[in-house]
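Numbering (the working numbering), first residue to last: 2 to 268. Below is one structure; the comments refer to it alone.
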């Protein structure tokens, strides 16, 4: 019990130290640059207290539950005994780790759907676009991109292939998609890569990579354990652009069918 209280206290101090510069900058600009009183000051102070308490409890939860659980799951799923090779991991090939790829995709999708920053951006995008951009459609497309990216990143760790190759090819695909996507969706798609790598996704995905690299023979946690976050950043951009292109294509087809039916009626 005492250790738990101490961990919460340290997390609260650390969170307060991290949040303090944000408060100082906001209040500094408000009082010294804009030179006006802060509207709803009491409500804002209460909100900051909620932020401090929420982040503190969330960080403690990550440290005691999500991070070790993600690492443990990766270690168990890549254990030679679980994969059916007994005590000899050299008998395993990349396709024997299929449960790892499935788990990576599932955890990537679920953590992204629950990402608070993505939820906030999706709701704002839906409000500003007047409903043209669906909040759930955006969240689902981003989560699908993260699922594919994290699963492919797990495959990279298992096979030991170089990380830069995947990232370079990914960005080449993004650049090609950018030329064909609507201008209104491009900034949102690029922002989607950033909002996914936030409070929920990063700890779990990082723990997955480190646990996997610690278990797969010939892999180094330092060299191979990191890099999954890069996959979780690139592939959502690709999936959102693909979602926008598909939606635009379906809209054009629907419009063409409507025009064709109306022209037939006129005849």
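Note that CB positions come from ideal geometry on N, CA and C, so glycine has one too.
Where the alpha helix (DSSP H) through residue i begins and ends
i           : result
residue 136 : 136–160
residue 184 : Careful: residue 184 lies outside any alpha helix (DSSP H) and carries neither H nor E.
residue 43  : 42–62
residue 71  : 68–78
residue 18  : 3–29
residue 98  : Per DSSP, residue 98 belongs to no alpha helix (DSSP H) and is neither H nor E.
DSSP-derived helix/strand/coil call for residue i
i           : result
residue 201 : coil
residue 262 : helix
residue 37  : coil
residue 133 : coil
residue 249 : helix
residue 217 : coil
residue 93  : coil
residue 233 : helix
residue 109 : helix
residue 227 : coil
residue 163 : coil
residue 85  : coil
residue 255 : helix
residue 208 : helix
residue 115 : coil
Buried versus exposed call for residue i [16 or more other C-beta atoms within 10 Å across all chains shown]
i           : result
residue 140 : buried
residue 185 : exposed
residue 190 : buried
residue 157 : buried
residue 211 : buried
residue 12  : buried
residue 65  : exposed
residue 35  : exposed
residue 14  : exposed
residue 209 : buried
residue 94  : exposed
residue 16  : buried
residue 108 : buried
residue 262 : exposed
residue 121 : exposed
CA nearest to the CA of residue i, picked from the options
i           : options         : result
residue 106 : 232, 123, 58    : 232
residue 200 : 180, 115, 46    : 115
residue 202 : 74, 25, 234     : 234
residue 42  : 53, 27, 78, 179 : 27
Own chain residues within Cβ distance below 7 angstroms of residue i, not counting five before or after
i           : result
residue 143 : 113, 119, 193, 197, 237, 240, 241
residue 174 : 239
residue 219 : 161
residue 134 : 126, 127
residue 59  : 200
residue 168 : 231, 235
Close Cβ partners of residue i (< 6 angstroms) along its chain, the five nearest in sequence each way excluded
i           : result
residue 110 : 144, 148
residue 152 : 102, 105, 106
residue 222 : 211, 214, 215
residue 204 : 63, 67, 68
residue 177 : none
residue 164 : 228
residue 136 : 123, 124, 127
Sequence-distant residues of its chain with Cβ nearer than 8 angstroms to residue i (five each side left out)
i         : result
residue 8 : 61, 64, 65
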